[in-house]
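>
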């Protein structure tokens with residue numbers, strides 16, 4: 001349980017750092033186009049950290065008794081794709 005909590009805390013800290021960086025970059029951006037571009041890049045970059053955080057949270061919540069199939073199903077419902085740059 002402690003290992004999962006450590007994994008969760010590490011992923012949470014990584015997400016928070018990336019969010020602070022995005023906030024600074026967006027505030028410094030001059031145009032709406034540039035802000036959208038920064039936000040899209042942020043969404044792609046933060047996705048792995050959010051997935052790690054979610055997995056650790058689910059393991060803590062189920063005390064590790066969740067099955068791999070249940071976890072895959074939960075992750076499949078959590079899929080989010082950033083908008084294309086079109």
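Residue numbers (the UniProt record's numbering): 1 to 86.
C-beta atoms are modelled at their ideal positions from N, C-alpha and C, and glycine is treated no differently.
Since this is a predicted model, take the numbers as computed values, not measurements.
1. In angstroms, rounded to a whole number, what distance separates the CA positions of residue 45 and residue 54?
2. Given this structure, state the Cα-to-Cα distance separating residue 10 from residue 39, to the nearest angstrom.
3. From residue 33 to residue 26, what does the alpha carbon distance come to, in whole angstroms?
4. Counting only the same chain and skipping the five closest in sequence on each side, list residues whose C-beta sits under 8 Å from that of residue 60.
5. If I follow the unbroken alpha helix (DSSP H) through residue 62, where does it start and stop?
6. Mapping DSSP to helix, strand and coil, what is residue 18?
7. When the distance is taken between beta carbons, is residue 15 closer than 9 Å to residue 58?
8. Among the candidates 28, 42 and 62, whose CA atom is the shortest distance from the CA of residue 17?
On the basis of the coordinates in this document:
1. Counting from one through the chain shown, the residue named residue 45 turns up at place 45. Counting from one through the chain shown, the residue named residue 54 turns up at place 54. Cα to Cα, residue 45 sits roughly 16 Å from residue 54.
2. Counted from its first residue, the chain shown places residue 10 at position 10. Counted from its first residue, the chain shown places residue 39 at position 39. When the Cα atoms are used, residue 10 and residue 39 turn out to be separated by approximately 22 Å.
3. The residue given as residue 33 occupies position 33 in the chain shown. The residue given as residue 26 occupies position 26 in the chain shown. Approximately 11 Å, taken between the alpha carbons.
4. Looking up residue 60 in the chain shown gives position 60. Cβ neighbours of residue 60 beyond the five flanking positions: 1, 4, 5 and 8.
5. Start at 1 with the first residue of the chain shown, and residue 62 comes out as number 62. Boundaries of the alpha helix (DSSP H) harbouring residue 62: 32-62, taken from the DSSP string.
6. Here residue 18 refers to the residue found at position 18 when the chain shown is read from its first residue. Three-state DSSP puts residue 18 in a helix.
7. Translated into positions along the chain shown, residue 58 becomes position 58. Translated into positions along the chain shown, residue 15 becomes position 15. Their beta carbons are not under 9 Å apart, which means residue 58 does not touch residue 15 by this criterion.
8. Working through the chain shown from its first residue, we reach residue 17 at position 17. Minimum Cα-Cα distance from residue 17 among the listed residues 28, 42 and 62 corresponds to 42.
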